[in-house]
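Residue numbers (our numbering): 13 to 434. First the structure, in the form of structure tokens, and then the observations on it.
Laid out in structure tokens, this is it:
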């Protein structure tokens, strides 16, 4: 199937599932789309088990043309991160800078270590021994919260403003940090880099800090160009070039594309919007990126559900998948509790905030994409199965109940308070 044919099928399914969700399911858009696609995938597999293989083979063939890892990590992700960062208030984020920085850096590292060692012990206990380094790789790919999943839920859950800033800021940055940690550990696992602390730290600094500086540079260049023109079509093209060209160049230079995109998006969404754009341009820019965000989100969550057709789940790993879910939640709780031990941050992390951050830390497509990028090693199937189970549980169970949790612990802002903030 051609690229146009594949895109046509995905957009058609996204439109159909969106219609079904809006008319009948009434679930948050991302959850409704993923569940619809997942149920469709399971129905196709069931028909295949009953002897009707034509539809299953057709679906598998169509999906085989889509490299999920490349589609998300080298395609959709840059657009989705920029669209998310574009509407983050830098002043609000600055108020939470130490909290967000702590959660997005040390929090990811601690969570990676806890999940990695726990998974190593768990797989060994169940008779599926996996090397420790690959368990740590799994910890890295599953630790960061997915900005796409988190931001899509944040739009509708009415969270307290302070909590919303923490969750949005953390999800935008810990994604990039998580990818860097994953790359570092995978390079050590495959022998591409020496397994030394110095080499790991050097590679991390090159990717993460280099990516941030690169995003600042490209964002500033785009800002200067926007400042000198007053034509919304030209200005939208400049932002597109910043996203696509900046991400591609950062990747080619072995810098963190996600971190570069987020930094550039924050700069354009704040200083660029305030000083370099007319009211008309701001309106057109917002409308354009909201549409891009909505369309790509819909396609992504449909892809997550459909990916079940291509993953070869092994029943032997079912217990590992079920037991890993509470391990991931426990690691999340520990990692978001750490700031409460820091004197200057203790007041910002009372028990109800820790509970909300734990349950609201959704995993999504990025974890699946990273898992699919694993080399063809004997334990790849086990790690894929467990990753998919954690992601589905996260989006469906946590995503559907997070509003109830916020309400119970008193962190759902009233409509009047939110209107006053906005």
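Where is the CB? At the ideal position from N, CA and C, for every residue including glycine. All of these numbers come straight from a predicted model, not from anything done at the bench.
In three-state terms, what does DSSP make of residue i?
i           : result
residue 410 : helix
residue 428 : Low confidence applies to residue 428: its pLDDT is 42, below 50, so where it sits in the model is not reliable, and the reading given next is rough at best. Reduced to three states, the DSSP call for residue 428 is helix.
residue 16  : helix
residue 81  : helix
residue 203 : coil
residue 256 : helix
residue 326 : coil
residue 153 : helix
residue 142 : coil
residue 179 : helix
residue 40  : coil
residue 266 : coil
residue 49  : helix
residue 290 : coil
residue 187 : helix
residue 241 : coil
residue 63  : coil
residue 172 : coil
residue 158 : coil
Which same chain residues end up closer than 8 Å to residue i when comparing Cβ atoms and leaving out the 5 residues on each side of it in sequence?
i           : result
residue 265 : 222 and 226
residue 411 : 40, 42, 43, 161, 165 and 374
residue 63  : none
residue 405 : 337
residue 323 : 396, 397 and 400
residue 349 : 361 and 366
residue 228 : 275, 276 and 279
residue 364 : 421, 422 and 423
With burial defined as no fewer than 16 other Cβ atoms inside 10 Å of the residue's Cβ, what is the status of residue i: buried or exposed?
i           : result
residue 109 : exposed
residue 15  : exposed
residue 356 : exposed
residue 422 : exposed
residue 310 : buried
residue 20  : exposed
residue 10  : Coverage of the chain is limited to positions 13 through 434, which leaves residue 10 absent and any answer about it impossible.
residue 469 : With the chain represented from 13 up to 434, any question about residue 469 goes unanswered, as that position is not in the structure.
residue 230 : buried
residue 351 : buried
residue 36  : exposed
residue 387 : exposed
residue 282 : buried
residue 399 : buried
residue 47  : buried
residue 413 : exposed
For residue i, collect the residues of the same chain with a Cβ closer than 6 Å to its Cβ; drop the 5 residues on either side in sequence, then sort them by chain order.
i           : result
residue 268 : 188, 192, 219, 220 and 223
residue 385 : 81
residue 274 : 93, 97 and 184
residue 259 : 90, 269 and 273
residue 116 : 182, 185, 186 and 189
residue 197 : 148, 149 and 152
residue 215 : 196
residue 263 : 269
residue 379 : 153, 154, 399 and 403
Once you ignore the five residues that flank residue i on each side, which residues in its own chain have a CB closer than 7 Å to its CB?
i           : result
residue 91  : 255, 304 and 308
residue 238 : 247, 250, 284, 288 and 289
residue 344 : 123, 370 and 373
residue 257 : none
residue 368 : 175, 417, 418, 421 and 423
residue 381 : 80, 81, 84 and 85
residue 163 : 96, 180 and 183
residue 314 : 22, 25, 26, 29, 45 and 49
residue 202 : 387
residue 113 : none
residue 435 : No answer is possible for residue 435: the residues shown for the chain start at 13 and end at 434.
Cβ of residue i versus every heavy atom of the ligand PLP: is any distance shorter than 6 Å?
i           : result
residue 143 : In terms of ligand content, the structure shown is empty, and the ligand PLP therefore cannot be addressed.
Within the stretch 347-424, note down every full alpha helix (DSSP H) run reaching 4 residues or more, in order along the chain.
-> 363-371, 377-384, 392-405 and 411-420
If you pair each beta-carbon of the stretch 20-34 with each one of the stretch 289-302, do three or more pairs fall below 8 Å?
-> no
Any chance the stretch 329-338 sits against the stretch 138-147, with 3 or more Cβ pairs inside 8 Å?
-> The way I'd put it, the stretch 329-338 does touch the stretch 138-147; three or more beta-carbon pairs between them come closer than 8 Å.
Where in the stretch 91-140 do unbroken runs of the alpha helix (DSSP H), each at least 4 residues long, occur, reported from the N-terminal end onward?
-> 102-107, 109-116 and 118-137
Taking 8 Å as the threshold, find out whether the stretch 313-330 comes into contact with the stretch 389-406 through three or more Cβ pairs.
-> yes
Pair every Cβ in the stretch 395-415 with every Cβ in the stretch 148-165, then say whether three or more of these pairs are closer than 8 Å.
-> The stretch 395-415 makes contact with the stretch 148-165: 3 or more CB pairs, one atom from each, lie closer than 8 Å.
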